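Remarks on the structure that follows.
Numbering (the numbering used here), first residue to last: 1247 to 1340.
Here's what the structure looks like:
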């Protein structure tokens, strides 16, 4: 089994599915420069990082993931030079 970070057979599958807009997610954007997304359940951190950096043309510092309610949630910490609020505005989250 290939454990690499390449996308599976369907090359068009998106790793990042949609942003999370809960109160906690908005607070993370404003206070800690983190943005939260629901991602593909089978995606690995490297895949999430590569897809996010490619889509938004930014650099990430750290990615935390957890599964809640059958969905995989990725909390992406951005580098200091890129405010998460800018990404949130770009995607219409705020």
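Each residue gets a CB set at the ideal place from its N, CA and C atoms; glycine is no exception. All values reported here derive from a predicted model rather than from experimental measurement.
6 Å CB neighbourhood of residue i in its chain, flanking five on each side removed
| i | result |
| --- | --- |
| residue 1305 | 1325 |
| residue 1289 | 1261 |
| residue 1297 | 1261 and 1262 |
Reference residue i, options the options, closest by Cα
| i | options | result |
| --- | --- | --- |
| residue 1328 | 1312, 1280, 1315 and 1270 | 1280 |
Where residue i falls, given that 16 or more other Cβ within 10 Å makes a residue buried
| i | result |
| --- | --- |
| residue 1301 | exposed |
| residue 1313 | exposed |
| residue 1308 | exposed |
| residue 1322 | buried |
Chain-order list of residues whose beta-carbon lies under 8 Å from that of residue i (same chain, five-residue window excluded)
| i | result |
| --- | --- |
| residue 1317 | 1284 and 1287 |
| residue 1263 | 1283, 1284, 1285 and 1286 |
| residue 1340 | 1272, 1275, 1331 and 1334 |
Strand pairing of residue i, partner residues [DSSP]
| i | result |
| --- | --- |
| residue 1283 | 1265 and 1320 |
| residue 1311 | 1320 |
Contact check, residue i vs residue j, beta carbons under 8 Å
| i | j | result |
| --- | --- | --- |
| residue 1294 | residue 1320 | yes |
Neighbour flag for residue i against chain D, beta carbons, 8 Å
| i | result |
| --- | --- |
| residue 1267 | Here there is only one protein chain, and chain D is not present. |
Residues of its chain near residue i, where Cβ-Cβ distance is below 7 Å and the 5 sequence neighbours each way are ignored
| i | result |
| --- | --- |
| residue 1299 | 1305 and 1306 |
| residue 1266 | 1282, 1283, 1284 and 1319 |
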